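S.K.: Take the sequence shown: its letter number 63 is residue 64 in the numbering used here, and every next letter is one higher.
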Amino acid sequence: MITIENTEATQALAIVIGQAAQPGDNLVLTGDLGAGKTTLTKGIAKGLAIDQLIKSPTYTIIREYNQGRIPLYHMDVYRVSSGADALGLDEYFEGDGLSVIEWGNQLEEALPETYLELILEKDDTDPDKRIVKFNAFGQRGAAFLTRIQQLWGADHD
C-alpha cells in the first residue's frame with residue numbers, strides 16, 4: 002500500500018509504473034469515478050516515453066499509442082456490460098505492449114490470466130490524497146509489481 006499525497010506524487014508513481022512495464026504486462030485500474038485512473042494512465046504514458054495526448058477511451062473502448070518504448074493499449078471497459086469476449090482483448094493482453102484497463106474488474110472471466118491490479122481509493126480527509134493498493138495475479142503480475150516496488154523504493158527511500 003502506498004499513500005499518494007497529491008497529483009504530483011500520483012504522476013511520479015505512474016511514471017515509475019511506465020518505466021517498469023514490459024511487453025505483455027497487464028494493469029487493471031480499479032477505483033471510484035474521479036479517483037484518478039485516467040490521470041494515472043497519462044503518467045504511465047510518460048514513463049513509456051509517449052508524449053502524445055492521452056485521452057480517456059470511454060466511448061472508443063481502446064486507444065493505442067505506439068510511439069513509446071513499448072506500445073500502450075489504454076482501455077476503458079466501464080460501458081462494457083456483456084460481450085467482452087467478442088472485443089478481441091486477448092490480442093492486446095498477450096501483445097507486445099502494456100495494456101492498461103480502466104474498470105477492468107468488470108471484465109470478470111474475460112480478464113487475462115495474469116495481471117496487476119492497482120486500486121485507487123480517495124482519502125476522506127483530503128481530496129488530493131489517494132491510497133494505492135496492489136494485487137498481483139499470476140507470475141507475470143507478481144514480477145511487474147516487484148519491478149515497480151524496486152523502482153519506487155529506489156526513488157522514495
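Using N, Cα and C, we set each Cβ at its ideal position, and we do this for glycine too.
It should be emphasised that the depicted structure is a prediction, and the values quoted were computed from it without experimental measurement.
1) Output the boundary residues of the beta strand (DSSP E) element that contains Lys130.
2) Only counting the same chain, and skipping five residues up and downstream in sequence, which positions put a Cβ closer than 6 Å to that of Tyr116?
3) Could you spell out the range, first to last residue, of the beta strand (DSSP E) harbouring Val101?
4) Buried or exposed, going by whether 16 or more other CB atoms sit within 10 Å of the CB of Gly37?
5) What is the rounded straight-line gap between the Cα of Phe145 and the Cα of Ala21?
6) With a threshold of 8 Å on Cβ separation, who are the neighbours of Ile71 within its own chain once the five nearest residues in sequence on each side are excluded?
7) For Arg64, which residues does DSSP report across the bridge?
8) Just how far apart, CA to CA, sit Trp153 and Thr42?
9) Does DSSP put Glu110 in a helix, in a strand, or in coil?
M.R.: Reading from the atomic positions:
1) Translated into positions along the sequence shown, residue 130 becomes position 129. That run of the beta strand (DSSP E) goes 127 to 138.
2) In the sequence shown, counting from the first residue as 1, residue 116 sits at position 115. Result list for Tyr116: Asn27, Val29, Phe138, Gly142, in chain order.
3) Counting from 1 along the sequence shown, the entry for residue 101 is found at position 100. 99 to 103 is the extent of the beta strand (DSSP E) around Val101.
4) On the sequence shown, position 36 is the one that residue 37 refers to. In this structure Gly37 is buried. Its beta-carbon is surrounded by 16 or more other beta-carbon atoms within 10 angstroms.
5) Sequence index remark: in the sequence shown, residue 145 carries index 144 (1-based). Sequence index remark: in the sequence shown, residue 21 carries index 20 (1-based). Using only the alpha carbons, I get a separation of about 7 Å.
6) For the purposes of this step, residue 71 is taken as residue 70 along the sequence shown, with counting starting at 1. Same-chain partners within the cutoff: Ala22, Gln23, Pro24, Leu49, Asp97, Gly98, Leu99.
7) Here residue 64 refers to the residue found at position 63 of the sequence shown. According to DSSP, which records beta bridges pairwise, Arg64 is partnered with His75.
8) Residue 153 sits at position 152 when you count from the first residue of the sequence shown. Residue 42 sits at position 41 when you count from the first residue of the sequence shown. Those two C-alpha atoms are separated by around 17 Å.
9) Numbered from 1 along the sequence shown, position 109 holds the residue referred to as residue 110. In the structure shown, Glu110 sits in a helix (DSSP, three-state: H, G or I).
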